[in-house]
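Student: Taking the working numbering, the leading residue of the sequence shown gets 443, the next gets one more, and so forth. Glycine residues also receive a C-beta, built at the ideal position from the N, C-alpha and C atoms. Below is a structure I'd like to ask you about.
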Amino acid sequence: MYKIFMLARASWLVATSYRLNMVMSLGGLAAVIVPIYFIAGALQPVIGESIANQGGEYFAFLLTGMIVFSFLGSAVNSLPGAIRGGIATGTLEALLTTPTPLPVLLSGMVSYGFIWTAIRATLMLLGGLLLGMQIAWQGMLSALVILALLILSYAAFGLIAAALVLAFRTTGPLPNAVLTVSALLGGVYYPTQVIPSWIQDISSFIPLTYGLRALRHTVLEGMPLHAIASDLMILFGFTVVLLTLGAYTFSAALLFSRKSGTLAQY
443 MYKIFMLARA
453 SWLVATSYRL
463 NMVMSLGGLA
473 AVIVPIYFIA
483 GALQPVIGES
493 IANQGGEYFA
503 FLLTGMIVFS
513 FLGSAVNSLP
523 GAIRGGIATG
533 TLEALLTTPT
543 PLPVLLSGMV
553 SYGFIWTAIR
563 ATLMLLGGLL
573 LGMQIAWQGM
583 LSALVILALL
593 ILSYAAFGLI
603 AAALVLAFRT
613 TGPLPNAVLT
623 VSALLGGVYY
633 PTQVIPSWIQ
643 DISSFIPLTY
653 GLRALRHTVL
663 EGMPLHAIAS
673 DLMILFGFTV
683 VLLTLGAYTF
693 SAALLFSRKS
703 GTLAQY
């Protein structure tokens, strides 16, 4: 934990040297939440019935989806960004020569990104509560468990993207493709049942579909975990399979880079 903290602290010191960016990042949340509130209010009569089993209030439905999706963005983009920066500055090779276990090292490299996302997400949630968002507090712990599974499942795509950076110095379209498809078909902005039937089946292959539905059931409806067991089991299966694939891909790319001596070459 100490090593993870120190790596996070290093990233924090770099970020705080650009104070204006941090202030604008936090201040811009109001420009996001307020329009969402009015748009959700206008669309409530149209979409309210289709989300009746997920809280029934479109503002809470939409804000929950956006908060969760912000964590997935960090899961997919943080590690390849850190790897790219480490290669460009020559620090990655130095870090890999330390006796720090690789999982600890990778966790430390992405920890600041998740901390910053958590701060922004907390402020978004507080803003939503001030605007009348209703949540079931008894379901918050269950929601955090589901969120952790979702983050782990999408961290697998981050590992694959980081492997592409190690091998080819670019992630290609992978991160944007994963996040775009997940946002459009995973239920972030609207329930998956309103998607046209000819494309709706694709959503069943997206981890976010199950995780976000389960999370909304807990935090907006107050359902216990056993009531959403089917979605949780599917999400857990996705997480295990994807993490295994991601870890194998990253390990292979790291071995290739070490053998070819390209860890410090951009």
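Please determine, among 471, 594, 645, the residue with the shortest C-alpha to C-alpha distance to residue 563.
Tutor: 471
Student: Hey, is the stretch 683-694 in contact with the stretch 602-611, meaning 3+ C-beta pairs nearer than 8 Å?
Tutor: yes
Student: What residues in its chain sit with their C-beta under 7 Å from that of residue 511, if we drop five residues either side in the sequence?
Tutor: 625, 630
Student: Residue 652: buried (16+ other C-beta within 10 angstroms of its C-beta) or exposed?
Tutor: buried
Student: Take residue 506 as the anchor and find which of 657, 628, 561 has the nearest alpha-carbon.
Tutor: 657
Student: As an exercise, report each continuous alpha helix (DSSP H) stretch of at least 4 residues that is fully enclosed by the stretch 629-701, in chain order.
Tutor: 639-642, 649-663
Student: So, for residue 577: in the same chain, excluding its five sequence neighbours on each side, which residues have a beta-carbon less than 6 Å away from its beta-carbon?
Tutor: 661, listed in sequence order.
Student: For a quick check, are the C-beta atoms of residue 501 and residue 614 less than 9 Å apart?
Tutor: no
Student: Please list the terminal residues of the continuous alpha helix (DSSP H) segment that includes residue 570.
Tutor: 544-572
Student: Is the distance from the Cβ of residue 514 to the Cβ of residue 588 below 9 Å?
Tutor: no
Student: To the nearest angstrom, how far is it from the Cα of residue 684 to the Cα of residue 601?
Tutor: 10 Å
Student: Have a look at 597, 643, 591 and flag the residue whose alpha-carbon is nearest the alpha-carbon of residue 679.
Tutor: 591
Student: Helix, strand or coil, according to DSSP, for residue 602 in the structure here?
Tutor: helix
Student: How should residue 647 be labelled, buried or exposed, when 16 other C-beta atoms within 10 angstroms of its C-beta is the threshold for buried?
Tutor: Answer is exposed; the Cβ neighbour count stays below 16.
Student: For a test of the three-state rule: what should DSSP assign to residue 420, helix, strand or coil?
Tutor: Lying outside 443 to 708, the shown extent of the chain, residue 420 is not represented and no answer is given.
Student: In angstroms with no decimal places, state the Cα-to-Cα distance between residue 476 and residue 574.
Tutor: 12 Å
Student: Quick one: using the 10 Å Cβ neighbour count with 16 as the cut-off for buried, is residue 620 buried or exposed?
Tutor: buried
Student: Where do the N-terminal and C-terminal ends of the alpha helix (DSSP H) with residue 495 fall, by residue?
Tutor: No alpha helix (DSSP H) holds residue 495; DSSP gives it neither H nor E.
Student: For residue 494, which of 633, 551, 596, 703 has the nearest alpha-carbon?
Tutor: 633
Student: Just how far apart, CA to CA, sit residue 583 and residue 568?
Tutor: Going by the C-alpha atoms only, they are around 17 Å apart.
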